[in-house]
Amino acid sequence: MTAVVVGASAGLGRELAEALAAAGHDLFVVSSDVRDLEALASDLRIRHGVRVVVLALDLGGELGGLDRLKRAAAELGGPDALLLPIGWTAAADDATLGRDVAERLVRTNFLSVTAVVAELLPELRRRPRASIVGFGSVAASRARGTNMAYSASKRALQTWFEGLRHACAGTTVRVSFYVLGYLDTSLAFGRRTLLPRADPARLAERVVRDLGRLEGVLYYPRAWRLVGAALPLVPFFIFKRLKL
Amino acid sequence: MASSIRLPATASETASFHSFDGGFVERAAFCRPDRYRTVEAAVASRPVIARGGGYSYAAASFGSGSLVLDMTRLDRVLRFEPAKSLVEVEAGMRLEQLLALTAPRGLILPVQPGYPAITVGGCVAANVHGKNPQREGTFRQSVVDLTLLHPRLGTLRIDHEHEPDLFELTCGGYGLTGIILAATLRLEPLAGWTASLERVPIETLAEGLAGVRERTGSASFAYTWHEGTPAPGVFGRGFVYVGQLPEGPLPPRGEVVPRYRHLTAASRRRFVVPLWGKATSRLFGASFRAAEGMRAVQREMPLFDALFPFARRGEYFLLYGRRGLAEYQSLVPHEAASDFLRDLEREVLRARAPVVMASIKLFRGEKRLLRFEGDGVCVTLNLVRSAEALRFLEVLDRLTLEFSGLPHIVKDSRLPAGVVARSYPGYAEFLEKRRALDPGRTFRSELSTRLEL
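In the order they appear, the protein sequences are chains A and B.
Here the first sequence is numbered in this note's numbering, starting from 83 and rising by one per residue.
Here the second sequence is numbered in this note's numbering, starting from 11 and rising by one per residue.
Structure follows, in structure tokens:
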């Protein structure tokens, strides 16, 4: 099997690449910095003996050069799985967020994913079995004044994935969307978190294990499904006092 | 416009950092980069010091208000050429990760310090030694080249030909010359995965010295273990351990590193009260000798256990409790070793110092800069950390200076600058070169401040 991992060089993306390579899958890894990608690719080739193709693309930027995705994926014989653990948070994501940063947030967390899927979906539909995996956040359950554009873009992404699953119904493409609680990655680093951060390596193992088996909306850690369900129900006079 | 946005956010957290011996603690900001640009952003912004596994007994990877750069996420294999016996890895790679890669291919890093979670960057920065420094030298002899990040010089590839001075300064430079990003290392053939360990009983430190002198040349490694209880006829009793690495099957992939619980400088403090004391040390010493006496004189063990004897015996360090231990390591010239050991024994017995154990091994190398290296005999003492023990360390400072020895900088979190300046002939040269390279002291730690570097 060949998997495409977008946002592969750090955090959850790197763990997914590791878990996929450990399972013997060839990889096509996409990230913004070629140095990180080359280091990742060397490591996976040497330790796991898999083929790894790299592509440096700044998907938070102008979203150009996406046609290179298709060409690079073809080098490995076409993708069977597309995983999109791409994400970014800004330090001060409040109502005063500047346009540049807001645009980058929305591009990185939402538009880049839709653009990549649009580019590779025709290829995926030609495979006998294929998977698309997106990653959202419990933060999207209810926005706060400190993560406004981030939660908005992640909520948009979750809604878009609902549509994608609907669009792929009856095809060979399975669509799953993981809603994540706190993970021990750079996205949560330096932030006070109410609950412990989960190990991204364990999540990656689960995602790879369940690739093509499970679809729909999945929560990780599972207990966060309750948090996600409860947050919108909390009365605002209490919610506004919560430090999450 | 959008390109001016710095990505990703270089957030930091704060945490309490402890020297492994428990002698120094400081709360410091730290970050844990997993991308190169995050490392670059961190280095550009403030005083900083790189941290690997955090196993230095001295506070070499934190302190003095520096941002701690935890390098453990930069742990990838960049190049592996078994035919040339070369491997290039990022600085945060742990020795056990490297061993898991190379051992099934019949290759091993010749110098392996005592704990498997120590990182390659830490090994370079402290120029560590392994089980047989008489034969293998120190870690720098395995280093082919380094990739170093310096805020003023950029990212450099340095070796004996390119920036040789900087290369020399960085090997054993305590992280004060820049951030080590990667290292190319020379490996040596690995004959098999079973070590054969022979035990020879001895009654004194002098017998131990004679034993390692006799056996080191013909063995893969030789070292001693001595009871530390400060009582006549008891202090110095022990064994010479002589190891051989015979030919045999190599370990399969995935079976190189056994399951064991990582001990860290923070988790070492788990027991509040120390359980080592004069009575328990004596009891342990006697029990250990008796237990060893009942075992076969020669036994075999997986090489992992021979290389890292404390990995699966972490309790030894836990028993020192929250207050910690004091380790003193002194490298004395061959010609002075017998007299040094005689005086050491006299002082231990006179002061009734709370020594738990002692050990001896032989060394070979060049005394330069601030490296713990040279031709001589390395003597190690472990003591229960207390006011009494710290006073005794000053006696050991005096003995080391008197016999032209070197105290080991990363083994003692209290070692004063004056002792280092007087014992290390390369102290002034290191200081001068370090100041020329980094006049603003971008890279600093408690160790560098204490030693006035």
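For glycine and all other residues, C-beta sits at the position ideal for the given N, C-alpha and C.
Taking just the CA atoms, how far does residue j sit from residue i?
i: B:Thr290; j: B:Asn142; result: 30 Å
i: B:Leu463; j: A:Gly298; result: 59 Å
i: B:Gly334; j: B:Ser396; result: 9 Å
i: A:Glu100; j: B:Pro199; result: 28 Å
i: A:Glu97; j: B:Leu215; result: 51 Å
i: A:Leu166; j: A:Ala200; result: 13 Å
i: B:Val267; j: A:Ala249; result: 47 Å
i: B:Ser14; j: B:Ile189; result: Low local confidence applies: a pLDDT of 37 at B:Ser14 is under 50, so the model's placement there is unreliable, with the coordinate-based value given in what follows. Rounded to whole angstroms, B:Ser14 to B:Ile189 spans 25 Å at the Cα level.
i: B:Gly185; j: B:Arg292; result: 39 Å
i: A:Gly169; j: B:Ser22; result: 19 Å
i: B:Arg278; j: A:Ala197; result: 50 Å
i: B:Trp235; j: B:Glu302; result: 12 Å
i: A:Ala155; j: A:Leu300; result: 27 Å
i: B:Glu310; j: B:Val210; result: 15 Å
i: A:Arg117; j: A:Phe321; result: 43 Å
i: B:Ser29; j: B:Thr157; result: 27 Å
i: A:Ala85; j: A:Val136; result: 12 Å
i: B:Arg454; j: A:Gly142; result: 35 Å
i: B:Val154; j: A:Ala251; result: 56 Å
i: B:Phe413; j: B:Arg352; result: 12 Å
i: B:Thr187; j: B:Leu176; result: 8 Å
i: B:Gly324; j: A:Arg288; result: 32 Å
i: B:Thr204; j: A:Phe217; result: 46 Å
i: A:Thr267; j: A:Leu296; result: 24 Å
i: A:Val63; j: A:Met230; result: Given that chain A is displayed from residue 83 to residue 326, the structure contains no residue 63 of chain A and the question cannot be resolved.
i: B:Arg167; j: B:Pro174; result: 10 Å
i: B:Thr459; j: B:Leu379; result: 17 Å
i: B:Pro435; j: B:Lys377; result: 8 Å
i: B:Phe318; j: B:Glu383; result: 21 Å
i: B:Ala399; j: B:Gly264; result: 43 Å
i: A:Gly146; j: B:Leu255; result: 57 Å
i: B:Ile54; j: B:Leu461; result: It is Ala, not Ile, that sits at residue 54 of chain B in the sequence shown. When rounded, the distance between both Cα atoms is 24 Å.
Residue i and residue j look like a contact to me (Cβ under 8 Å); what is the Cβ gap, rounded to whole Å?
i: A:Tyr232; j: A:Tyr260; result: At roughly 16 Å, the Cβ-Cβ gap does not stay under 8 Å, so A:Tyr232 and A:Tyr260 are not in contact.
i: B:Val121; j: B:Gly102; result: That pair is no contact at about 18 Å.
i: B:Pro464; j: B:Arg83; result: The question about residue 464 of chain B has no answer here: the residues shown for chain B are numbered 11 through 463.
i: A:Leu94; j: A:Ser114; result: That pair is no contact at about 15 Å.
i: A:Arg133; j: A:Leu151; result: Contact doesn't hold; Cβ gap of about 17 Å is too wide.
i: A:Leu109; j: A:Ser91; result: Rounded, the Cβ-Cβ distance is 12 Å, inconsistent with contact.
i: B:Val250; j: B:Val222; result: 6 Å
i: B:Gly253; j: B:Ala229; result: 6 Å
i: B:Leu328; j: B:Arg280; result: 6 Å
Leaving out five residues before and five after residue i in sequence, what residues of the same chain have Cβ atoms less than 7 Å from its Cβ?
i: B:Val420; result: Ser66, Tyr67, Ala68, Ala70 and Ala136
i: A:Gly294; result: Arg211, Ser213 and Arg256
i: A:Ala225; result: Ser233 and Ala234
i: B:Ser95; result: Leu117, Arg196, Leu197 and Glu198
i: B:Ala316; result: Ala205, Leu207 and Gly253
i: B:Ser152; result: Leu119, Pro120, Val121, Leu195 and Arg196
i: B:Glu439; result: Leu379
Leaving out five residues on either side along the sequence, give the residues of the same chain with a beta carbon under 6 Å from the beta carbon of residue i.
i: A:Ala280; result: Leu265 and Pro303
i: A:Ser219; result: Lys236 and Leu262
i: B:Val366; result: Gly238, Trp286, Ser291 and Asn392
Leaving out five residues on either side along the sequence, give the residues of the same chain with a beta carbon under 8 Å from the beta carbon of residue i.
i: B:Gly415; result: Ser340, Leu341, Val342, Pro343, Ala346, Phe350, Gly386, Leu409 and Ser433
i: B:Ala446; result: none
i: B:Arg86; result: Val99, Glu100 and Met103
i: B:Leu411; result: Val429, Arg432 and Ser433
i: A:Ala105; result: Val290
i: A:Ala103; result: Leu109, Leu126, Arg129, His130, Val132 and Val134
i: B:Glu171; result: none
i: B:Asp407; result: Pro417, Leu425, Pro426 and Val429
i: B:Met11; result: For B:Met11, the pLDDT reaches just 33, beneath the cut-off of 50, and the residue's location in the model is therefore unreliable, leaving the point undetermined.
- prompt: For the 8 Å Cβ check, are there 3 or more pairs between the region 129–139 of chain B and the region 179–187 of chain B?
  reply: Output reads yes: the region 179–187 of chain B touches the region 129–139 of chain B.
task: May I have a chain-ordered list of the alpha helix (DSSP H) segments no shorter than 4 residues that lie completely inside the region 254–320 of chain B?
output: Entirely contained in the region 254–320 of chain B, the alpha helix (DSSP H) runs reaching 4 residues are, in chain order, 288–304 and 313–317.
message: For the pair the region 106–115 of chain B and the region 246–263 of chain B, tell me if three or more CB-CB distances fall below 8 Å.
response: Yes, the region 106–115 of chain B touches the region 246–263 of chain B.
message: Give the list of continuous beta strand (DSSP E) stretches no shorter than 3 residues that lie fully inside the region 160–203 of chain A.
response: The qualifying runs are 163–166.
- request: Decide yes or no for the touch test of the region 209–226 of chain B against the region 186–201 of chain B: beta carbon pairs closer than 8 Å, at least 3 of them.
  value: Judged by pairs of C-beta atoms under 8 Å, the region 209–226 of chain B does not touch the region 186–201 of chain B, as fewer than three such pairs exist.
The region 358–372 of chain B in contact with the region 415–435 of chain B per 3-pair CB rule at 8 Å: With a cut-off of 8 Å on Cβ pairs, the region 358–372 of chain B is not in contact with the region 415–435 of chain B, counting fewer than three such pairs.
task: Output the residue ranges of the alpha helix (DSSP H) runs that lie fully inside the region 379–454 of chain B and measure 4 residues or longer, sorted by chain position.
output: If we require 4 residues or more, the alpha helix (DSSP H) runs fully inside the region 379–454 of chain B come out as 397–412, 427–433 and 437–447.
task: Write down every uninterrupted run of the beta strand (DSSP E) in the region 23–89 of chain B whose length is 3 residues or greater and which is fully enclosed by it, in chain order.
output: Within the region 23–89 of chain B, the complete beta strand (DSSP E) runs of at least 3 residues are 23–28, 35–41, 58–61 and 77–80.
message: Suppose only complete runs of 3+ residues qualify. What are the beta strand (DSSP E) ranges in the region 87–118 of chain B, listed by chain order?
response: The region 87–118 of chain B contains these whole beta strand (DSSP E) runs: 87–91 and 96–100.
query: Hey, which unbroken runs of the beta strand (DSSP E) at 3 residues or more fall wholly within the region 336–386 of chain B?
result: Annotation note: the region 336–386 of chain B contains the following uninterrupted beta strand (DSSP E) runs of length 3 or greater, listed N- to C-terminal: 365–373.
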